[in-house]
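Sequence positions in the sequence shown follow this note's numbering and run 15 to 345. We treat Cβ as the ideally placed atom computed from N, Cα and C, and that holds for glycine. All values reported here derive from a predicted model rather than from experimental measurement. As C-alpha cells, the structure follows; a few thoughts come after it.
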Amino acid sequence: MTTTSVSATSPSPLQQFVPAVEWMVIEPLIEEIQDLKKDRKAVVLAHNYQVPTIYRGVADFTGDSLALARQAVASEAEVIVMAGVYFMAETAKILNPSRTVLIPSLQAGCSLADSITAEDVRSLRRTYPGVPVVSYVNTSAAVKAETDVCCTSANALQVVESLGVPRVIFLPDRYLGRNVAAQTEVELILWEGVCEVHEHFTPEQIRGLRSDYAGIKIVAHPECTPEVLAEADFSGSTSGMIDYVARNQPQRVALITECSMSDNVAADFPDVQFVRPCNLCPYMKRITLEGIRDALLQRQYVVEVDADIARRARSAVERMLAVGRAEQRAA
Ligand code: 13P
Ligand code: SF4
Numbered sequence: 015m016t017t018t019s020v021s022a023t024s025p026s027p028l029q030q031f032v033p034a035v036e037w038m039v040i041e042p043l044i045e046e047i048q049d050l051k052k053d054r055k056a057v058v059l060a061h062n063y064q065v066p067t068i069y070r071g072v073a074d075f076t077g078d079s080l081a082l083a084r085q086a087v088a089s090e091a092e093v094i095v096m097a098g099v100y101f102m103a104e105t106a107k108i109l110n111p112s113r114t115v116l117i118p119s120l121q122a123g124c125s126l127a128d129s130i131t132a133e134d135v136r137s138l139r140r141t142y143p144g145v146p147v148v149s150y151v152n153t154s155a156a157v158k159a160e161t162d163v164c165c166t167s168a169n170a171l172q173v174v175e176s177l178g179v180p181r182v183i184f185l186p187d188r189y190l191g192r193n194v195a196a197q198t199e200v201e202l203i204l205w206e207g208v209c210e211v212h213e214h215f216t217p218e219q220i221r222g223l224r225s226d227y228a229g230i231k232i233v234a235h236p237e238c239t240p241e242v243l244a245e246a247d248f249s250g251s252t253s254g255m256i257d258y259v260a261r262n263q264p265q266r267v268a269l270i271t272e273c274s275m276s277d278n279v280a281a282d283f284p285d286v287q288f289v290r291p292c293n294l295c296p297y298m299k300r301i302t303l304e305g306i307r308d309a310l311l312q313r314q315y316v317v318e319v320d321a322d323i324a325r326r327a328r329s330a331v332e333r334m335l336a337v338g339r340a341e342q343r344a345a
C-alpha cells in the first residue's frame, strides 16, 4: 500500500485527461483550489477512485481507505477536505476531533455503509453473545461505535486473525467476508451488504478478457465476488492493486474495480496497456473540482460526529491502526 504525495503540480500534464475546451475551465479552477488550500491551511485527501484532475491536480495525498485514515492522523492541517465518500470523511473526523473536516458533497455515500445500522450490530451481538465484531471501515461512525475493531480491504485478514478467537462477526460486505474466510481458519459470521460497483463484475467477463487479450493480468478488488477473485491473478486494496502494477509492470492489465483507477495508474505506466472493464462509483463521482472549490470557499459541508459515538468509534479505528503497527514491527 502506498501514499503518494502530490505537490502543487504544473497543470500541463493534466491536459491529457480532459478535452481542450474543458481545460480552459479546469486550469483556473485547479489554480483557485491551490490558492484556497494555502489560504485556509487545508489539505485535500483523495481516494484512488477520484478523477485524474482531482487525484493529480489538487490532492495533497492519495491512497486507499487505510492510507487516508493514516494520513488523517498524520496531517497537521487545520482543515481536511475529503475527496472520497462520507465514511472516509467521518473516519478523518473521528481521528481528528479538534480539526475541521469537510466533504464536498453530502451525496457521496456508499452502498456498503448504507447496508447496516448500529441497531443491526447490537442485534447481532445479542444473537452471538461474546463474539467480537470486526467492521469494514465502509460503515457509519454509529456502526463503528458498536464495533471491536475496524478493518479495510488492505488489512482485513490480519485484523481478523489478530483477535485470536475461533469466531468473528464480520460486517458488512459479504463478498469481502467470503474472500477473507477463504484465507483463514477463523469462522466468519457475515452480513448481507454488497458494494454496488464491484458486485457487477462476473467471472464470464474475466474469462472473456483472457481470451480477447493474450497474456493479460487480472487484478481485482476483494469487494468482487469470490468467483471473480478465483479468476484473478492478484487481489488487493486499491493501493495494493497499484503496487501490483508497479512491481510487475505487466504488458497488459485489467483493474477490476472503479473506472478512475485505471486512468490514474495508466499515466504512471505508459508501457503497460490498461484494458478497462470498469464500473463507475456514483458516490465517488459526486466529488468534483467545483465542489472542492466551494467546500474551501464556503467551509462546507462540515462533518460532525456525536462525541460519545466518536470516542467509541475511535477506539475501533485506533485498534485497527495498532494492528498495522504491530505487523510492521514484526516484519
Ligand atoms: P480501498 O480501501 O481498497 O481503497 O477500498 C475502498 C472502497 O470503497 C473500495 O470500493
Ligand atoms: Fe462504496 Fe463501492 Fe463506492 Fe467503494 S466503490 S465507495 S464500496 S459503493
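Relative to the ligand SF4, even the nearest heavy atom lies 7 Å or more away from the CB of H214. Bounds of the beta strand (DSSP E) holding F75 are F75 to G77.
Not one heavy atom of the ligand 13P falls within 7 Å of the beta-carbon of V279.
In this structure, the ligand SF4 has no non-hydrogen atom nearer than 7 Å to the beta-carbon of S129. Contact between P66 and A281 holds: CB atoms are separated by about 7 Å, below the 8 Å threshold.
Taking 7 Å as the cut-off, one finds no heavy atom of the ligand SF4 near enough to the beta carbon of V233.
Around the C-beta of D322, fewer than 16 other C-beta atoms lie within 10 Å, and the residue is accordingly described as exposed. Counting the other CB atoms within 10 Å of its CB gives K52 a total below 16, which places it among the exposed residues.
When C-beta atoms of the stretch 278 to 296 are compared with those of the stretch 315 to 331, fewer than three pairs fall below 8 Å, so the two segments do not count as touching.
Under the Cβ criterion (8 Å, minimum of three pairs), the stretch 238 to 245 counts as touching the stretch 211 to 220. Below 8 Å, too few C-beta pairs join the stretch 110 to 121 and the stretch 183 to 190 to call them touching: fewer than three.
Take R333, set aside five residues on each side of it, and the residues of its chain with a beta-carbon closer than 8 Å to its own are D162, V163 and C164, in chain order. Taken in chain order, the complete alpha helix (DSSP H) segments of 4 residues or longer contained in the stretch 286 to 325 are 303 to 312. In terms of Cα proximity to D226, the closest of V39, E213, R266 and S167 is R266.
In this chain, the alpha helix (DSSP H) harbouring Y69 covers P66 to Y69. In the structure shown, A228 falls within a coil segment according to DSSP collapsed to helix, strand and coil. For F101, the enclosing alpha helix (DSSP H) stretches over residues Y100 to L109. Within the chosen limit of 7 Å, the ligand SF4 does not reach the beta carbon of C238 with any heavy atom.
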